[in-house]
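Chains Y and U are the protein sequences, given in the same order. All you need for my numbering is the position in the first sequence, starting with 1, plus 14. All you need for my numbering is the position in the second sequence, starting with 1, plus 14. Using N, Cα and C, we set each Cβ at its ideal position, and we do this for glycine too. A short write-up of the structure that comes next.
2 protein chains.
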Amino acid sequence: MNHQIEVCFSPAVFEDFFRPELNVVVVDVLRATSSICTAFINGAEKLIPIGNVEELKGFVNMGHVLAGERNGYTLDFVDFGNSPFNFTRDKVENKTVIYSTTNGTRAIQMASRCRNVIVGSFLNISSVCNWLDSQEEDVLVLCAGWKNRFSLEDTLLAGAICEKLVETGHFSTICDSAISAIDLWQLAKSDLMKTVEKCAQRHRLKQKGLDDVLEYCFTPDITDIIPVYGNGVLKPMIF
Amino acid sequence: MNHQIEVCFSPAVFEDFFRPELNVVVVDVLRATSSICTAFINGAEKLIPIGNVEELKGFVNMGHVLAGERNGYTLDFVDFGNSPFNFTRDKVENKTVIYSTTNGTRAIQMASRCRNVIVGSFLNISSVCNWLDSQEEDVLVLCAGWKNRFSLEDTLLAGAICEKLVETGHFSTICDSAISAIDLWQLAKSDLMKTVEKCAQRHRLKQKGLDDVLEYCFTPDITDIIPVYGNGVLKPMIF
Chain Y
15 MNHQIEVCFS PAVFEDFFRP ELNVVVVDVL RATSSICTAF INGAEKLIPI
65 GNVEELKGFV NMGHVLAGER NGYTLDFVDF GNSPFNFTRD KVENKTVIYS
115 TTNGTRAIQM ASRCRNVIVG SFLNISSVCN WLDSQEEDVL VLCAGWKNRF
165 SLEDTLLAGA ICEKLVETGH FSTICDSAIS AIDLWQLAKS DLMKTVEKCA
215 QRHRLKQKGL DDVLEYCFTP DITDIIPVYG NGVLKPMIF
Chain U
15 MNHQIEVCFS PAVFEDFFRP ELNVVVVDVL RATSSICTAF INGAEKLIPI
65 GNVEELKGFV NMGHVLAGER NGYTLDFVDF GNSPFNFTRD KVENKTVIYS
115 TTNGTRAIQM ASRCRNVIVG SFLNISSVCN WLDSQEEDVL VLCAGWKNRF
165 SLEDTLLAGA ICEKLVETGH FSTICDSAIS AIDLWQLAKS DLMKTVEKCA
215 QRHRLKQKGL DDVLEYCFTP DITDIIPVYG NGVLKPMIF
């Protein structure tokens, strides 16, 4: 058994990686996929990712929890913004959360033509890798990036996932972006916060006073829950 | 004086980096930009990059030298393919070369709305960096990649260019792709051929028996010539 693992650095080039049989892990470390995992840790029943702000507005006053941001700023008609610290148990337990972000939710929707789409973060990385290993299919890590650009923090998580899968002996790669993600992860992992300090998104968040989530978003294995996407909805799976 | 340097990993996301005032260096190490530099080393008068195979066909029997490939295979109506070793003095001296490749020529044309567009390779790297430093403008390294995908060999050259420009003290970067390109270059440079061995394009070339150019394409500073793009034509500039 030898399956391929590839990494796509930007939703803008997803079509060049697309194959219907792929298992796709969407990563958006700062902050969408960390927030989605946190919502399920705190008992959310389901989460509906919405790409479009206008579409999100259609869910106002329907009894759901609304969360969303554009360019780091909380939308004015939602319950709260994009920080994982907002998705607290008292807000989301047993609720349906409708959620839209600049980059992450679009990437999740984009991948929906593939075999399986799951949400990855450092918070659930081992569970994600164990499940992918159990599926015996090729894997694509889809980085949400930032407005189509390469994002270092997503690349580090992609590299960490690739390293774990290659270590199983069941996966290998000939994909330059996967090889480079592994190299960048191995270079960074002994002092991760020093590397995170270099990330453009870390500076964007700091400018807006939103960088309190950094350590949390890079903490591995807080949960076993894997958010799985199907029919437009994310639901929690424990593996 | 502090100018920004950024790296764009794929022509597919060029629009997200575009600013008219940029100086753009296009890199396609294996093999287009190495071949273009070689054409001028061997005395070509000018070189016209053509994105489209049909358009290239229109130049047949017009007295020019035609060169081109698609997916590594030489087109059947041209004088020769995409190896820099084809652009010999007896073929190109004082000639106009019409040239089309899978990725490289498209990237050059795409960048033409920017202030200046030059062609970079390891062969002319110091001259390229000295010229960029003299221009006192922000710089974008545009990697031609492979069919919109990230390419490790182009990234290594981008990292080497960024490292040199940052070392001048006149450039800095907050661009995640530039930061990562520098990291990957610094990781690779002490044993460059070992890293090149990992590149997907190196495997593609090997399968087609076209990998004899590897050492040549990674040899720094064979020439001072910088190919400059303007009005659809590349001409040699010595700096």
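Rounded straight-line distance, which links the Cα of U:Val242 to that of U:Met251: To locate residue 251 of chain U, count along the second sequence from 1; it is residue 237. To locate residue 242 of chain U, count along the second sequence from 1; it is residue 228. Their Cα atoms are separated by approximately 7 Å.
Would DSSP call Y:Thr47 helix, strand or coil? Residue numbering aside, residue 47 of chain Y sits at position 33 when the first sequence is read from its first letter. Helix, per DSSP.
Specify, as a first and last residue, the run of the beta strand (DSSP E) that Y:Cys157 falls within. As a first step, residue 157 of chain Y must be located in the first sequence, where it is residue number 143. Note, Y:Cys157: beta strand (DSSP E), Val153 to Cys157.
Close-in-space but distant-in-sequence residues of the same chain around Y:Ile314 (CB under 6 Å, 5 per side omitted): Because chain Y here runs from 15 to 253, residue 314 of chain Y falls outside it and cannot be looked at.
Taking Cβ-Cβ distances below 7 Å as the criterion, which residues of the segment 156–167 of chain U are in contact with chain Y? Result list: Lys161, Asn162, Arg163, Phe164, Ser165 and Leu166.
Write down the C-beta distance between U:Cys2 and U:Cys157 rounded to the nearest angstrom, noting that I regard them as a contact closer than 8 Å. Chain U is shown only over 15 to 253; residue 2 of chain U falls outside these bounds and no answer can be derived.
Alpha carbon to alpha carbon, how far is Y:Arg313 from U:Asp226? The structure shown does not extend to residue 313 of chain Y, since chain Y is modelled only from 15 to 253, so the question has no answer here.
Assuming U:Glu167 contacts U:Gln221 (C-beta within less than 8 Å), just tell me the rounded distance between them. One-based indexing of the second sequence puts residue 167 of chain U at position 153. One-based indexing of the second sequence puts residue 221 of chain U at position 207. The Cβ separation is near 16 Å, so there is no contact.
Please list the terminal residues of the continuous alpha helix (DSSP H) segment that includes U:Gly173. Against the second sequence, residue 173 of chain U aligns to sequence position 159. Note, U:Gly173: alpha helix (DSSP H), Leu166 to Glu181.
Identify each residue in the segment 17–34 of chain Y for which the Cβ-Cβ distance to at least one residue of chain U is less than 7 Å, and report them in chain order. Residues of the segment 17–34 of chain Y with a Cβ closer than 7 Å to any Cβ of chain U, in chain order: Phe23, Ser24, Ala26, Val27 and Asp30.
Buried or exposed: which applies to Y:Arg120, given that a residue is buried once 16 or more other Cβ atoms fall within 10 Å of its Cβ? Along the first sequence, read from residue 1 onward, the residue named residue 120 of chain Y stands at position 106. By the C-beta density criterion, Y:Arg120 is buried, having at least 16 other C-beta atoms within 10 angstroms.
Counting along the chain, where does the alpha helix (DSSP H) carrying U:Gly118 start and finish? Against the second sequence, residue 118 of chain U aligns to sequence position 104. Per DSSP, U:Gly118 belongs to the alpha helix (DSSP H) from Gly118 to Met124.
Kindly list the residues whose CB is nearer than 8 Å to the CB of Y:Ile64, restricted to its own chain and excluding five residues on each side of it in sequence; keep chain order. On the first sequence, residue 64 of chain Y is found 50 positions in, with the first residue counted as 1. Hits under 8 Å: Leu70, Phe73, Gly82, Ile112, Tyr113, Ser114 and Thr119.
Sort Y:Asn245, Y:Leu219, Y:Lys249 and Y:Val247 by Cα distance to Y:Val43 and report the nearest one. As a position in the first sequence, residue 43 of chain Y is number 29, starting the count at 1. For the residues Y:Asn245, Y:Leu219, Y:Lys249 and Y:Val247, the minimum Cα distance to Y:Val43 belongs to Y:Leu219.
Under a CB-based cut-off of 8 Å, is Y:Cys1 close to chain U? In the structure as shown, chain Y begins at 15 and stops at 253. Residue 1 of chain Y is therefore absent and cannot be evaluated.
Which residue's Cα is closest to the Cα of U:Tyr87: U:Val79, U:Val67, U:Ser204 and U:Arg103? Here residue 87 of chain U corresponds to residue number 73 of the second sequence, with the count starting at 1. U:Val67 is the residue among U:Val79, U:Val67, U:Ser204 and U:Arg103 whose C-alpha sits nearest the C-alpha of U:Tyr87.
Alpha helix (DSSP H) segments (min. 4 residues) lying fully within the segment 61–106 of chain U: Taken in chain order, the unbroken stretches of alpha helix (DSSP H) that lie wholly in the segment 61–106 of chain U and span 4 residues or more are 67–71 and 103–106.
Which chain B residues sit within Cβ distance under 9 Å of Y:Leu198? This model lacks chain B altogether; the protein chains it does include are Y and U.
When Cβ atoms are compared, which residues of the segment 205–216 of chain Y fall closer than 7 Å to chain U? Closer than 7 Å at the C-beta level to chain U, one finds these residues of the segment 205–216 of chain Y: Lys212, Cys213 and Ala214.
Any heavy atom of the ligand NAP closer than 7 Å to the Cβ of U:Val41? Among the ligands in the structure shown, none appear at all, so the ligand NAP cannot be discussed.
For chain U, find out if any of its Cβ atoms is closer than 8 Å to the Cβ of Y:Thr233; answer yes or no. Here residue 233 of chain Y refers to the residue found at position 219 when the first sequence is read from its first residue. Answer no: the Cβ-Cβ gap between Y:Thr233 and chain U never drops below 8 Å.
Cβ of U:Asn245 within 8 Å of Cβ of U:Arg129? Here residue 245 of chain U refers to the residue found at position 231 of the second sequence. Here residue 129 of chain U refers to the residue found at position 115 of the second sequence. No, Cβ-Cβ distance for U:Asn245 and U:Arg129 is not below 8 Å.
Cβ of Y:Thr169 less than 8 Å from any chain U Cβ? Residue mapping note: residue 169 of chain Y aligns to position 155 of the first sequence, counting from 1. So, interface residue.
Buried or exposed for Y:Phe28, going by 16 or more other Cβ atoms inside 10 Å? Counting from 1 along the first sequence, the entry for residue 28 of chain Y is found at position 14. Here Y:Phe28 is buried: its Cβ has 16 or more other Cβ atoms, across all protein chains shown, within 10 Å.
May I ask which residues mark the beginning and end of the beta strand (DSSP E) holding Y:Leu206? Counting from one through the first sequence, the residue named residue 206 of chain Y turns up at place 192. DSSP places Y:Leu206 in no beta strand (DSSP E) but in the uninterrupted alpha helix (DSSP H) bounded by Leu206 to Val210.
Mind pulling the beta strand (DSSP E) runs of 3 or more residues that sit fully within the segment 19–44 of chain Y? List check, beta strand (DSSP E) in window: 37–41.
Spatial neighbours of U:Ile19 within its chain, please: CB distance less than 6 Å, with the 5 preceding and 5 following residues excluded, ordered by chain position. Here residue 19 of chain U is taken as the residue at index 5 of the second sequence, counted from 1. Answer for U:Ile19: Val153, Cys176, Leu179, Phe185, Thr187 and Ala192, listed in chain order.
With distances taken Cα to Cα, identify the nearest neighbour of Y:Lys249 among Y:Phe32, Y:Phe232 and Y:Gly57. Taking the first residue of the first sequence as 1, we reach residue 249 of chain Y at position 235. If we check each option's Cα against that of Y:Lys249, Y:Gly57 comes out closest.
In three-state terms, what does DSSP make of Y:Ser135? Here residue 135 of chain Y corresponds to residue number 121 of the first sequence, with the count starting at 1. Coil at Y:Ser135, not helix or strand.
Return the chain-ordered list of same chain residues with a C-beta closer than 7 Å to the C-beta of U:Asn108, the five sequence neighbours on each side being excluded. What you label residue 108 of chain U is simply residue 94 of the second sequence in a count that begins at 1. So the list reads Gly57 and Glu59, once near-sequence residues are dropped.
Which residues in the same chain have their Cβ closer than 8 Å to the Cβ of U:Leu228, if we skip the five residues on either side of it in sequence? As a first step, residue 228 of chain U must be located in the second sequence, where it is residue number 214. Here the set comprises Leu44, Met207, Val210, Arg216 and Leu219.
Taking the alpha-carbon positions, what's the U:Ser141 to U:Leu171 distance? Position 127 of the second sequence, counted from the first residue, corresponds to residue 141 of chain U. Position 157 of the second sequence, counted from the first residue, corresponds to residue 171 of chain U. If you take the alpha carbons of U:Ser141 and U:Leu171, they lie about 14 Å apart.
Assuming Y:Thr169 and U:Ser194 are in contact, meaning their beta carbons sit under 8 Å apart, how far apart are those beta carbons, in whole angstroms? As a position in the first sequence, residue 169 of chain Y is number 155, starting the count at 1. As a position in the second sequence, residue 194 of chain U is number 180, starting the count at 1. Contact between Y:Thr169 and U:Ser194 holds, since their C-beta atoms are separated by about 7 Å, short of 8 Å.
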